[in-house]
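Those letters in the sequence shown? Residues 1191 to 1887, by this note's numbering.
Structure, as structure tokens:
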Amino acid sequence: MKPKKLIPALLLASALPTLATPFSSCPDEAFLIQDKYAQLYGIQLSTGFYQNVAPTEWTDMELNALAFNTHDQYLYAYNDKLRAIVKIDAEYRTELLFPSDLPDHDFIAGDIAVAENAYYVYRKGSDKGLYRISLDPTAADFLKASQVITGKAFELDIFDLSFHPYDGMAYTVDKDGDLWKINVATATAINVGNTGVNGYFGGTYFDINGNLYIANNSDGYIYRIDTQQPTPKAELFSYGPSSSNNDGARCPLAPVNVSEVPDTDFGSAPDSYGTSFANNGARHGRGDGTLYLGEAVNYEPDAYLEGGASATEQNDGVALINNIAPYRYTYFEVTASAKGELNIWGDWNQNGVFDDDEQVISDKTIDAGKHLIHFKAPKETLLGETWLRVRLSSPDHVTATGGVADGEVEDYKVTVEAADTLTTFYPGANRYATLAFEDNWPLTGDYDMNDVVIKYNIKTVTVADNIASIKISGHVAAMGASYHNGFAFRIPGLPTSGINSLATTLTVNGFLQPYSPVEPERRDATVIIAQDLQDYVTSGEACKYYRTEDGCGSGIQMSFEINIPVSGAIKADDIDEFPFDPFLFATEGYERNYVFGEAPGRRFEIHLKDKAPTEAFQQNFFGRGDDASDPARDEYFVNENGMPWALNIPYDWNHPLEYMDIKWAYPQFHEHVTSSGTSNKGWYKKSNARSKNIFRK
1191 MKPKKLIPAL
1201 LLASALPTLA
1211 TPFSSCPDEA
1221 FLIQDKYAQL
1231 YGIQLSTGFY
1241 QNVAPTEWTD
1251 MELNALAFNT
1261 HDQYLYAYND
1271 KLRAIVKIDA
1281 EYRTELLFPS
1291 DLPDHDFIAG
1301 DIAVAENAYY
1311 VYRKGSDKGL
1321 YRISLDPTAA
1331 DFLKASQVIT
1341 GKAFELDIFD
1351 LSFHPYDGMA
1361 YTVDKDGDLW
1371 KINVATATAI
1381 NVGNTGVNGY
1391 FGGTYFDING
1401 NLYIANNSDG
1411 YIYRIDTQQP
1421 TPKAELFSYG
1431 PSSSNNDGAR
1441 CPLAPVNVSE
1451 VPDTDFGSAP
1461 DSYGTSFANN
1471 GARHGRGDGT
1481 LYLGEAVNYE
1491 PDAYLEGGAS
1501 ATEQNDGVAL
1511 INNIAPYRYT
1521 YFEVTASAKG
1531 ELNIWGDWNQ
1541 NGVFDDDEQV
1551 ISDKTIDAGK
1561 HLIHFKAPKE
1571 TLLGETWLRV
1581 RLSSPDHVTA
1591 TGGVADGEVE
1601 DYKVTVEAAD
1611 TLTTFYPGAN
1621 RYATLAFEDN
1631 WPLTGDYDMN
1641 DVVIKYNIKT
1651 VTVADNIASI
1661 KISGHVAAMG
1671 ASYHNGFAFR
1681 IPGLPTSGIN
1691 SLATTLTVNG
1701 FLQPYSPVEP
1711 ERRDATVIIA
1721 QDLQDYVTSG
1731 EACKYYRTED
1741 GCGSGIQMSF
1751 EINIPVSGAI
1761 KADDIDEFPF
1771 DPFLFATEGY
1781 ERNYVFGEAP
1791 GRRFEIHLKD
1801 KAPTEAFQQN
1811 FFGRGDDASD
1821 PARDEYFVNE
1831 NGMPWALNIP
1841 YDWNHPLEYM
1851 DIKWAYPQFH
1861 EHVTSSGTSN
1871 KGWYKKSNAR
1881 SKNIFRK
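Set out below in structure tokens:
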């Protein structure tokens, strides 16, 4: 035996404060000690998120064998240098207790029994073993140590142990993955079986349901083991912190739940995919709040499964550019808030599970911003509806289920189509582009670009290289104008004779309109969405216009969908590129500005920059007022400075407030236009706007 360490009187006096603050209840978080000079962390087992809970410069002690005592609601740990027990209260103050008859060993595993107020510590070695130390101050053997099992009879490579909440047994998993059940009353140990994982499990924890959680020091992976099963197996549960020096403890009488205050993100696929917390669903903690998909992340108390909150409300990080088909590339845009690891799975065999071999993107590191990424579905992919799971996190090697401390998970219901069918979306399968018009053409007006604002999406279906159908859907987001405007889409390259006009349908606010929206006698197919947008929106009380003034953020009043079946053999490559040709026209019978002197009606149009008008347009309108169009040079609807009267932004855009020139809302806009689009390409982003000058509902 080594000589007993001498403890200076000054150290004893300073280390013995009065601990008057036990934990008020059985905490549901776990505790973890790491580092040579111990730091104490709180860890959320459900996601693996952890943070330092002790004060700065908490202790200069080396601690191990961390345990929670259900009898007095204090934490305990072992300090091998002082051969002392460290008692820790709810404010993380420490008190030293010195047991007698304890051999001079550095115990690395330990826990406090639920059935008795006794601390059990263990160290491998024939001259060591498992020891019991009474913590009951009323007992005759208070703070006396006694050997339960010799190290020769019980010599295991274990680094922590935990007491079951109600069967009285201690459990541990050795480095080979074998689960051991220790009866401290009879001094026996039983090998229950192999859990299927191996490693140095420095942190072990129980919950009230008898599930044992083990944390691997080397990678931080936390596994869950149902100890009531005849052959318990380890299930990857979450991704926690890694360290060469780990030791954990928690109150075994508490359930492992997500936080009562929603700070966890879940997926939305059916629960067979591992979505809800009860099914070890994919989930992400808040972390430091900086990593997520899209513009924001919604936190939930548990998964909103299919039939609950809609996926479109939850998901904004991924937009498919084209459909999924067997053994063909699918392109999509991913938006990340910060640098992280991207992983994507698809249920290609449609068995209701994301199998390991169904992962199509694995640990792809992406930076903050938008990224065009592609994957190829397997040849054996089945046609029909299925699900995608997308996860972005700081840790890599995540699986399709289980908890992660940060990031976000998004699930998408998708349709797999035949290999000769190509479905293309603009700007993405679940995203909207923005059209913004200044309707005072050919006068510049207030140039606030909110006279008509429309959010829209286009979907085209091509079969064997021939265009089969086109769908245009969207809604009117704002109207800051007094003029009466109609709105239409022309599809250059698609002749009117090539579409089925009678089968082309227009739905407004969910109601099928009793007429064809196809404008007759046009060379290129042109569909009229509204003859007068004023018929569909109202400004609301105390508002002059519709959704362009502060406090006038009414709900959307007009949504639309046009479906155009193509009957002719029209090659997809022959029609114009997205976004085709959206335009405004004047409603019949309503005057415009003084430039015309009469109501111009259908002869008046406003198109995107350098888009030629339709045959209905009156050509001598060009050059009036501030217009500087030059049809001979294919320059249309611009002023002498190259500024347009219409904008297309392939994102959901915040338009300027009423009477607010766009340059005051988006200071980089003018330089972007005058550079012919080469500079300030992100001028439209909310981060580049003057927030007080843009519309926010």
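Where a beta carbon is used, it is the ideal one built from N, C-alpha and C, also for glycine.
* Considering only residues of the same chain and omitting the five flanking positions on each side of ARG1414, which have a CB-CB separation below 6 Å? -> Position 224 of the sequence shown, counted from the start, is the residue given in the question as residue 1414. Within the same chain, ARG1414 has close Cβ partners ASN1401, TYR1403, GLU1425 and PHE1427.
* TYR1849 to PRO1769 span [Cα, whole Å] -> Taking the sequence shown and counting its residues from 1, one reaches residue 1849 at position 659. Taking the sequence shown and counting its residues from 1, one reaches residue 1769 at position 579. TYR1849 and PRO1769: Cα-Cα distance of roughly 27 Å.
* What are the uninterrupted segments assigned as alpha helix (DSSP H) that are 4 or more residues long and contained completely in the region 1735–1761, given in chain order? -> For the region 1735–1761, not one full-length alpha helix (DSSP H) segment reaches 4 residues or more.
* For GLY1923, which of helix, strand or coil comes out of DSSP? -> This structure cannot settle anything about residue 1923, because the visible part of the chain is limited to 1191 through 1887.
* Confirm, please, whether the CB-CB distance from TYR1489 to ARG1476 is below 8 Å. => Position 286 of the sequence shown, counted from the start, is the residue given in the question as residue 1476. Position 299 of the sequence shown, counted from the start, is the residue given in the question as residue 1489. Using a Cβ distance threshold of 8 Å, ARG1476 and TYR1489 count as a contacting pair.
* To do: Report the residue ranges of all alpha helix (DSSP H) runs contained in full by the region 1199–1259; include only those spanning at least 4 residues, in chain order.
  => Inside the region 1199–1259, DSSP marks whole alpha helix (DSSP H) runs of 4 or more residues at positions 1199–1204, from first to last along the chain.
* DSSP state of TYR1637 mapped onto helix, strand, coil -> Counting from one through the sequence shown, the residue named residue 1637 turns up at place 447. TYR1637: coil per DSSP, three-state reduction.
* Asked: ALA1515 to THR1378, Cα distance in whole Å?
  -> Here residue 1515 corresponds to residue number 325 of the sequence shown, with the count starting at 1. Here residue 1378 corresponds to residue number 188 of the sequence shown, with the count starting at 1. Going from the Cα of ALA1515 to the Cα of THR1378 covers about 59 Å.
* Asked: For ILE1704, does the count of other Cβ atoms within 10 angstroms reach 16, so buried, or fall short, so exposed?
  -> Within the sequence shown, numbered from 1, the residue matching residue 1704 stands at position 514. Note that residue 1704 corresponds to Pro in the displayed sequence, not to Ile. The residue in question, PRO1704, is exposed, as its Cβ has fewer than 16 Cβ neighbours within 10 Å.
* Drop a sphere of 10 angstroms on the beta-carbon of LEU1292, count the other beta-carbons inside from all chains shown, and report buried for 16 or more, exposed for fewer. => Walking along the sequence shown from the start, residue 1292 turns up at place 102. Label assigned to LEU1292: buried.
* Helix or strand or just coil, what does DSSP make of ALA1308? -> The count along the sequence shown starts at 1 and reaches residue 1308 at position 118. In the structure shown, the three-state DSSP call for ALA1308 is strand.
* To do: Could you give the DSSP three-state label for GLN1703: helix, strand or coil?
  => The residue you call residue 1703 lines up with position 513 of the sequence shown. GLN1703: coil per DSSP, three-state reduction.
* Kindly give me the distance between the Cβ atoms of ASP1641 and ASN1447, rounded to whole angstroms, as I take these residues to be in contact under 8 Å. => Within the sequence shown, residue 1641 is the residue found at index 451, counting from 1. Within the sequence shown, residue 1447 is the residue found at index 257, counting from 1. Incorrect: roughly 52 Å between the Cβ atoms, too far for contact.
* Roughly how many whole angstroms lie between the Cα atoms of TYR1780 and GLY1664? -> Along the sequence shown, read from residue 1 onward, the residue named residue 1780 stands at position 590. Along the sequence shown, read from residue 1 onward, the residue named residue 1664 stands at position 474. If I take the Cα positions, the gap works out to 26 Å.
* Express the C-alpha separation of TYR1240 and LYS1226 in angstroms, rounding to a whole number. => On the sequence shown, residue 1226 is found 36 positions in, with the first residue counted as 1. On the sequence shown, residue 1240 is found 50 positions in, with the first residue counted as 1. C-alpha separation (whole angstroms): 18 Å.
* Asked: Which first and last residues belong to the alpha helix (DSSP H) in which HIS1860 is found?
  -> For the purposes of this step, residue 1860 is taken as the residue at position 670 of the sequence shown. Residues 1859–1864.
* Asked: CB LYS1318 to CB GLY1341, shorter than 8 Å?
  -> Residue mapping note: residue 1318 aligns to position 128 of the sequence shown, counting from 1. Residue mapping note: residue 1341 aligns to position 151 of the sequence shown, counting from 1. Contact: yes.
* In chain order, what residues of the same chain have a beta carbon less than 8 Å from the beta carbon of PHE1221, not counting five sequence neighbours either side? -> Numbered from 1 along the sequence shown, position 31 holds the residue referred to as residue 1221. Only LEU1230, TYR1231, GLY1232, ILE1233, VAL1243, LEU1256, PHE1258, LEU1265, GLY1438, ALA1439 and ARG1440 meet the Cβ criterion.
* Where PRO1821 falls: helix, strand or coil (DSSP) -> Looking up residue 1821 in the sequence shown gives position 631. Helix.
* For ARG1782, I'd like the list of residues in its chain whose CB is within less than 7 Å of its CB, leaving aside the five on either flank, ordered along the chain. => Reading the sequence shown from its first residue, position 592 is the one you call residue 1782. A distance below 7 Å between beta-carbons, with the five flanking residues on each side excluded, links ARG1782 to the following residues of its chain, in chain order: TYR1673, ALA1776, PRO1790 and PHE1794.
* Asked: If you drop the 5 nearest sequence neighbours on each side, which residues of the same chain put their C-beta closer than 6 Å to that of ILE1323?
  -> Translated into positions along the sequence shown, residue 1323 becomes position 133. The answer, listed in chain order, is PRO1289, TYR1309 and ALA1335.
* Distance CB(VAL1606)-CB(THR1652) smaller than 8 Å -> Counting from one through the sequence shown, the residue named residue 1606 turns up at place 416. Counting from one through the sequence shown, the residue named residue 1652 turns up at place 462. For the pair VAL1606 and THR1652, the CB atoms are not nearer than the 8 Å cut-off.
* Asked: Can you name the residues that DSSP bridges to MET1669?
  -> Taking the first residue of the sequence shown as 1, we reach residue 1669 at position 479. The partner list for MET1669 (beta bridge, DSSP) reads TYR1736.
* The beta strand (DSSP E) with ILE1302 in it runs from where to where? -> Position 112 of the sequence shown holds residue 1302. Counting along the chain, the unbroken beta strand (DSSP E) around ILE1302 starts and ends at 1299–1302.
* **Delimiting residues of the alpha helix (DSSP H) encompassing ILE1852** => Numbered from its first residue, the sequence shown carries residue 1852 at position 662. Segment 1852–1855, the alpha helix (DSSP H) holding ILE1852.
* **Identified DSSP bridge partners for PHE1456** => Position 266 of the sequence shown, counting from 1, holds the residue named residue 1456. Checking the DSSP bridge columns, you'll see PHE1456 partnered with ARG1473.
* Taking Cβ positions, are LEU1443 and ALA1526 nearer each other than 8 Å? -> Translated into the one-based positions of the sequence shown, residue 1443 becomes position 253. Translated into the one-based positions of the sequence shown, residue 1526 becomes position 336. For LEU1443 and ALA1526, no; Cβs fall outside 8 Å.
* Asked: How close, in whole Å, do the beta carbons of ILE1765 and LEU1684 come, if the pair is a contact with beta carbons under 8 Å?
  -> Position 575 of the sequence shown, counted from the first residue, corresponds to residue 1765. Position 494 of the sequence shown, counted from the first residue, corresponds to residue 1684. In this structure, ILE1765 and LEU1684 form a Cβ contact; the two beta carbons are roughly 5 Å apart against a cut-off of 8 Å.
* Assigned secondary structure, ASN1810 (DSSP; H/G/I helix, E/B strand, else coil) -> Here residue 1810 is taken as the residue at index 620 of the sequence shown, counted from 1. It is helical.
* Using 10 angstroms around the beta-carbon of ALA1405, count the other beta-carbons present and answer buried if the total reaches 16, otherwise exposed. => Working through the sequence shown from its first residue, we reach residue 1405 at position 215. The residue in question, ALA1405, is buried, as its Cβ has 16 or more Cβ neighbours within 10 Å.
* Say whether the region 1596–1613 touches the region 1652–1661, bearing in mind that this needs 3 or more beta-carbon pairs closer than 8 Å, one atom from each stretch. => Touching, per the Cβ criterion.
* Among residues of its own chain, excluding the 5 on either side of THR1697, which ones have a beta-carbon nearer than 6 Å to its beta-carbon? -> The residue you call residue 1697 lines up with position 507 of the sequence shown. Scanning its chain for C-beta atoms nearer than 6 Å, with the 5 sequence neighbours on each side dropped, one finds around THR1697 the residues GLU1751, in chain order.
* To do: To the nearest angstrom, report how far apart ASP1357 and SER1408 are at their CA atoms.
  => For the purposes of this step, residue 1357 is taken as residue 167 along the sequence shown, with counting starting at 1. For the purposes of this step, residue 1408 is taken as residue 218 along the sequence shown, with counting starting at 1. Roughly 30 Å separates the two Cα atoms.
* Asked: Does DSSP put ASN1381 in a helix, in a strand, or in coil?
  -> Here residue 1381 is taken as the residue at index 191 of the sequence shown, counted from 1. DSSP places ASN1381 in strand when its eight states are reduced to three.
* Can you check whether the CB of ARG1579 is closer than 8 Å to the CB of ALA1459? -> Numbered from 1 along the sequence shown, position 269 holds the residue referred to as residue 1459. Numbered from 1 along the sequence shown, position 389 holds the residue referred to as residue 1579. Cβ distance < 8 Å, so ALA1459 and ARG1579 count as in contact.
* Compute the distance between the beta-carbons of PRO1840 and ALA1623, then report whether it is under 8 Å. => For the purposes of this step, residue 1840 is identified with residue 650 of the sequence shown, where counting begins at 1. For the purposes of this step, residue 1623 is identified with residue 433 of the sequence shown, where counting begins at 1. One thing to note: PRO1840 has its Cβ within 8 Å of the Cβ of ALA1623.
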